[in-house]
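Trainee: Numbering (mature numbering (1 follows the signal peptide of the UniProt record, and there is no 0)), first residue to last: -23 to -1, 1 to 1016. Take this structure first; my questions come after.
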């Protein structure tokens, strides 16, 4: 090539480079509008000005956003946006606009670490050129859109540290080019999709710190290029699949903090490139394979709580690169091998809570350890003088059998915990108690000052050391372990709640320990005591730093016995900063010693910020189970006599005060009712109460959570009228589960929801006619449903032992389909309320009422809620008697619920209606419970054999309807909420194969009307007119 030709080539290249920076290319109008909408939705201020000539000057980074154009289209006349990146700035309140789908040429989208909120738009799935999608470290909510599975060019997907919920879409398994999938630290639930095993290019898969359940799919063993696999801190069960033996490229493998079982497989030792192995916090059995102790590249090895009969560390173990080794509570016996002292890289060693014997190897003095935990073993001998020089930061040798050492703290940051032995606790008890007991109660304000609560003086407990004792010597505590946080220090042993509590609250403070927290109470009288532990989660509380996603799980031991395994504070209390107690009545105290031990077995959160793992305790109270008896003094006898004399007068005054004597309002209050022929009449409250026989038990027809339902029969102007009257109970005890004030709050919440019914108007909801409240009398008055509940109609007609005989009702096939449609319409109305979604949360046959024409009406809305995070869901989870009807997502207490939970319950109920049997029934012949869902699952093409034998399928049309009904019910009970249909879709499908053609109930007679050809089209065109006319601030009644 000539010199001239070379110069021309260089000039052309320079010209191209210049035109990439300064071009005449035009940005298409659709991308201009889309980019404006995206920037506006993000909330950037100031924001760049976007026009068709934006790419001509191509500023790149401007106003905290970096936008790249590619103007090599149509000879440089057309430009397209290919890259958008925002800096790590606070865009609180901003979100992602759905118009982003118009940026069809976008290859790189990074909106991470900006505090964005809202949901991920489905339209992102239209960006076919997208290769990288980073939305990490925001506050995004809702599900991961299944449409992301259409991003055929995607290589990197990072959605970690958000508030995303629901299941992982199986559609992500279609991303054949994906190399990075990071979904950790969200609220994802359900099973891990087996379709992820199709991601053959995947190198990084991190799903930790979610609420996933089920087993690990064997299909994941297909991921031969996988380097990092992390599913820690979930609720996974089952064994490690044999197919994982094929994952030989792994560098990092963590399944910690789950409920995995079985043996730790030998194939792990064949992962020759493995650097980090974390198995702590599971239910593994057997011993740790010896081959693992000879993995040349292993730097981190963490195993805890192995269930086995004991094993020893191989004497010739060789881990030349090991840096961090935790083998805690693994039933390891024998002596500590000398060769561990030859591991040059070892800095962190935890062999606590084992059965190790012998002395500390002398070769340990050559190690450069930062942390050494050998506590709670059976080591003996004299501690060497060099031990404090061998460990820089943390040393715990407590609860062994060492001779007393002469060891001093080497530097101010060094934490030495070496003096306490197994015998020291008993010695302290004997020293303080002498030969006799002194106390019959104990009160400790853990982590806080002395205070008085409910008449009791709580001892202060605000030391920041790993060992502390009461000033009077009544009790001591010990704290062991190390927080996973790299920035933790001794101040983290005390935690404060600053939100919504008074200065004198027991829950304002708490003591936090990384692994084990033990309290020993001395000198209690040998007797039985009620031990109450007070808790509040004050650490994992905030959404803005993602700590609200954290799960604190630990075990509770009283007197050496595990009384509560896998206890999670937020799961029991209902959320962060919520107070709750665990009570252990009739605890035996012998030899004047009470031990309370809280132990973290590695479950729950590991890496969730602030990574402050371990048990957290707010207070301890111990009182006698049976107060000591005393002889009555003359004064006490006189009081008893006076009380006996004045009791009748006091009782009369109390009844008057509570409003149980007739009030004038009972006559003045008039309630509008309807007769059978539709005429309006007005009756007084007194007449209604009289109609119940003054709440005679013979008139009782049902019972709800906080009250009983009575039938009220009254005659008005010659017309007989029946009503259902719910009386809220005054007995609010919760069997010790909650304080009376909390019970009262539950009643108020329940009643508030009932009152919302006054503004509801839908044909398939039980109408609430009136609400009456005065001191001591709280009533809810409904229309009376002549045919009782669906449960009675389906399952009680043939029972001679039913305590409440009901009218014999024959439900033929047409009636059953009409009932299904009515229930579906009622739920559809609730789910499509304007401005909000109402979740019923308690759909079952008992709560479906039938009027005189067998029209289905939903009742029992006391559990319904307006918002998915309403606290009533927590009550629902712990008190349900209809667990068989609950969707799988109900098993996760902290998971946000959606209307799809009702869809699942509807599907179960629909199967009961079709089959005429309950979802779970006891079979005396086999002495086992038969599951309707199992039978439906296994029936397959023989499904029609499950149809109720009382029904006669006289035509092909009815058999086809039954087949389609089964298929619809199966769709409703799918495990994944995303895979279930909406109630609107269910109503539409029911219309397609039932005899009803008009959506308006006033035109429907399920006993006579034949289908009309144009009815379906008519339905889809007109919509539900009645629902749009209802007050949006409403909710449903509970019967």
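Beta carbons: idealized from backbone N, C-alpha and C, even for Gly. Since this is a predicted model, take the numbers as computed values, not measurements.
1) Tell me which residues share the same chain as residue 880 and place their Cβ nearer than 6 Å to its Cβ, disregarding the 5 neighbours each side in the sequence.
2) Kindly list the residues whose CB is nearer than 7 Å to the CB of residue 1043, restricted to its own chain and excluding five residues on each side of it in sequence; keep chain order.
3) From the DSSP output, which residues share a beta bridge with residue 565?
4) For residue 528 and residue 515, what's the separation of their Cα atoms in angstroms?
5) Consult DSSP for residue 762 and reduce its assignment to one of helix, strand or coil.
6) Output the distance between the C-alpha atoms of residue 357 and residue 350, rounded to the nearest integer angstrom.
7) Can you tell me the Cα-Cα spacing of residue 288 and residue 295, whole angstroms?
8) Please name the residue, chosen from 241, 821, 805, 421, that lies closest to residue 597 on a Cα-to-Cα basis.
9) Could you give the distance in angstroms between the alpha-carbon of residue 876 and the alpha-carbon of residue 826?
10) Quick one: grab the DSSP three-state call for residue 964.
11) Taking only the alpha-carbon atoms, compute the straight-line gap between residue 156 and residue 100 and give it to the nearest angstrom.
12) Short of 7 Å in beta carbon distance, which residues of its chain neighbour residue -20, apart from the five on each side in sequence? Order them along the chain.
13) Roughly how many whole angstroms lie between the Cα atoms of residue 851 and residue 554?
14) At what residues does the alpha helix (DSSP H) containing residue 930 begin and finish?
15) Suppose you measure from the CA of residue 768 to the CA of residue 786; what does that come to, to the nearest Å?
16) Buried or exposed for residue 31, going by 16 or more other Cβ atoms inside 10 Å?
17) Under 7 Å, Cβ to Cβ, is there at least one residue of chain D near residue 230?
18) So which of 455, 649, 699 has the shortest CA-CA distance to residue 670?
19) Output the distance between the C-alpha atoms of residue 693 and residue 141, rounded to the nearest integer angstrom.
20) Apart from the five residues just before and just after residue 327, which ones in its own chain have a Cβ nearer than 6 Å to its Cβ?
21) DSSP state of residue 867, grouped into three classes?
22) Taking just the CA atoms, how far does residue 201 sit from residue 175?
23) With C-beta atoms as the reference, is residue 122 less than 7 Å away from residue 145?
24) Tell me whether the region 424 to 435 and the region 490 to 502 touch, counting them as touching only if at least three CB pairs, one residue from each stretch, are closer than 8 Å.
25) Within the region 145 to 222, note down every full beta strand (DSSP E) run reaching 3 residues or more, in order along the chain.
26) For residue 457, does the count of other Cβ atoms within 10 angstroms reach 16, so buried, or fall short, so exposed?
27) Curious, which full-length alpha helix (DSSP H) runs of at least 4 residues does the region 5 to 82 contain?
28) Starting from residue 833, follow its DSSP beta bridges and name the residues at the other end.
29) How is residue 572 classed by DSSP in three states: helix, strand or coil?
30) Check for me: the beta strand (DSSP E) holding residue 914 runs from which residue to which?
31) Looking only at its own chain, which residues have a Cβ that is under 6 Å from the Cβ of residue 26, when we skip the five neighbours before and after it?
32) Kindly indicate which three-state DSSP category residue 539 falls into: helix, strand or coil?
33) Are the beta-carbon atoms belonging to residue 416 and residue 500 less than 7 Å from one another?
34) Are there 16 or more other CB atoms within 10 angstroms of the CB of residue 805, so buried, or fewer, so exposed?
35) Please determine if the region 918 to 928 and the region 882 to 892 are in contact, where contact requires at least 3 C-beta pairs separated by less than 8 Å.
36) On the three-state DSSP scale, how would you describe residue 452?
Mentor: This is what the structure gives:
1) Indexing the chain shown from 1 puts residue 880 at position 903. 949, 957, listed in sequence order.
2) The chain is shown from -23 up to 1016; residue 1043 falls before or after that span and cannot be answered.
3) Indexing the chain shown from 1 puts residue 565 at position 588. Answer is 505.
4) For the purposes of this step, residue 528 is taken as the residue at position 551 of the chain shown. For the purposes of this step, residue 515 is taken as the residue at position 538 of the chain shown. Cα to Cα, the separation comes out at about 12 Å.
5) Against the chain shown, residue 762 aligns to sequence position 785. DSSP places residue 762 in coil when its eight states are reduced to three.
6) Working through the chain shown from its first residue, we reach residue 357 at position 380. Working through the chain shown from its first residue, we reach residue 350 at position 373. One C-alpha to the other measures close to 15 Å.
7) By 1-based counting over the chain shown, the position of residue 288 is 311. By 1-based counting over the chain shown, the position of residue 295 is 318. About 17 Å.
8) Reading the chain shown from its first residue, position 620 is the one you call residue 597. Ranked by how close their Cα comes to the Cα of residue 597, the residues 241, 821, 805, 421 have 421 in first place.
9) The count along the chain shown starts at 1 and reaches residue 876 at position 899. The count along the chain shown starts at 1 and reaches residue 826 at position 849. Roughly 21 Å between the two C-alpha positions.
10) Here the question's residue 964 lines up with position 987 in the chain shown. Residue 964 falls in the helix class under three-state DSSP.
11) Within the chain shown, residue 156 is the residue found at index 179, counting from 1. Within the chain shown, residue 100 is the residue found at index 123, counting from 1. Between residue 156 and residue 100, the C-alpha separation is close to 22 Å.
12) Mapped onto the chain shown, residue -20 falls at position 4. Caution is warranted here: a pLDDT of 48 is assigned to residue -20, below 50, making its placement in the model unreliable, and the coordinate value is therefore given only provisionally. Cβ neighbours of residue -20 beyond the five flanking positions: none.
13) In the chain shown, counting from the first residue as 1, residue 851 sits at position 874. In the chain shown, counting from the first residue as 1, residue 554 sits at position 577. Here the model assigns residue 851 a pLDDT of 37, short of 50, so the residue's position is not dependable, and the following value carries that caveat. Residue 554 has its alpha-carbon roughly 15 Å from the corresponding atom of residue 851.
14) Locating residue 930 in the chain shown gives position 953, counting from the first residue. Residue 930 -> no alpha helix (DSSP H), and no H or E assigned at all.
15) To locate residue 768, count along the chain shown from 1; it is residue 791. To locate residue 786, count along the chain shown from 1; it is residue 809. Taking the straight line joining both Cα atoms gives about 11 Å.
16) As a working mapping, residue 31 is identified with position 54 in the chain shown. Buried.
17) Note that chain D does not occur in the displayed structure, where there is just one protein chain.
18) Position 693 of the chain shown, counted from the start, is the residue given in the question as residue 670. The shortest Cα separation from residue 670 among 455, 649, 699 belongs to 699.
19) Walking along the chain shown from the start, residue 693 turns up at place 716. Walking along the chain shown from the start, residue 141 turns up at place 164. C-alpha separation (whole angstroms): 57 Å.
20) Position 350 of the chain shown holds residue 327. For residue 327, where only same-chain residues beyond five positions count, the Cβ hits under 6 Å are 303, 305, 350.
21) Within the chain shown, numbered from 1, the residue matching residue 867 stands at position 890. Helix.
22) Looking up residue 175 in the chain shown gives position 198. Looking up residue 201 in the chain shown gives position 224. Their backbone Cα atoms lie some 11 Å apart in a straight line.
23) Along the chain shown, one-based indexing puts residue 122 at 145. Along the chain shown, one-based indexing puts residue 145 at 168. For residue 122 and residue 145, no; Cβs fall outside 7 Å.
24) Cβ pair count under 8 Å is below three, so no.
25) 157 to 159, 164 to 167, 181 to 183, 188 to 191, 205 to 207
26) The residue you call residue 457 lines up with position 480 of the chain shown. Buried is the call here.
27) 6 to 19, 31 to 34
28) Sequence index remark: in the chain shown, residue 833 carries index 856 (1-based). For residue 833, which the question treats as bridged, DSSP gives the partners 827.
29) By 1-based counting over the chain shown, the position of residue 572 is 595. Three-state DSSP puts residue 572 in a strand.
30) The residue given as residue 914 occupies position 937 in the chain shown. No beta strand (DSSP E) holds residue 914; the alpha helix (DSSP H) holding it covers 909 to 916.
31) The residue given as residue 26 occupies position 49 in the chain shown. No residues qualify anywhere along the chain.
32) The residue labelled residue 539 in the question sits at position 562 within the chain shown. Three-state DSSP puts residue 539 in a strand.
33) Stepping through the chain shown from its first residue, residue 416 is reached at position 439. Stepping through the chain shown from its first residue, residue 500 is reached at position 523. Yes, the Cβ-Cβ distance between residue 416 and residue 500 is below 7 Å.
34) The count along the chain shown starts at 1 and reaches residue 805 at position 828. Buried: at least 16 other Cβ atoms inside 10 Å.
35) yes
36) Taking the first residue of the chain shown as position 1, residue 452 is located at position 475. Looking at residue 452 - three-state DSSP - the assignment turns out to be strand.
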